[in-house]
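Residue numbers (this note's numbering): 14 to 70. Even for Gly, the Cβ is constructed at its ideal location relative to N, Cα and C. To start, the structure itself, in structure tokens.
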């Protein structure tokens, strides 16, 4: 079993990264965990979209 971690500041970038990984994966996906976090820095909102894919190779 292996894991792959993705972390992006925009959900579309995360989606693209995950899709590219899945297309090249020669194993089987066991599970995908997704998380969104937000923080405020001054007047700016900072988003963090992350996912962990658990897979076999």
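Contact belief for residue 45 with residue 66 at Cβ below 8 Å, rounded distance in angstroms: Taking the chain shown and counting its residues from 1, the one referred to as residue 45 is at position 32. Taking the chain shown and counting its residues from 1, the one referred to as residue 66 is at position 53. Confirmed, Cβ separation roughly 5 Å.
Residue 37 (DSSP reduced to helix, strand or coil): Start at 1 with the first residue of the chain shown, and residue 37 comes out as number 24. DSSP places residue 37 in helix when its eight states are reduced to three.
Secondary structure of residue 14, DSSP reduced to three states: By 1-based counting over the chain shown, the position of residue 14 is 1. Coil.
Rounded C-alpha distance that separates residue 54 from residue 60: As a position in the chain shown, residue 54 is number 41, starting the count at 1. As a position in the chain shown, residue 60 is number 47, starting the count at 1. One C-alpha to the other measures close to 11 Å.
Cα-Cα separation, residue 69 to residue 41: Walking along the chain shown from the start, residue 69 turns up at place 56. Walking along the chain shown from the start, residue 41 turns up at place 28. Those two C-alpha atoms are separated by around 5 Å.
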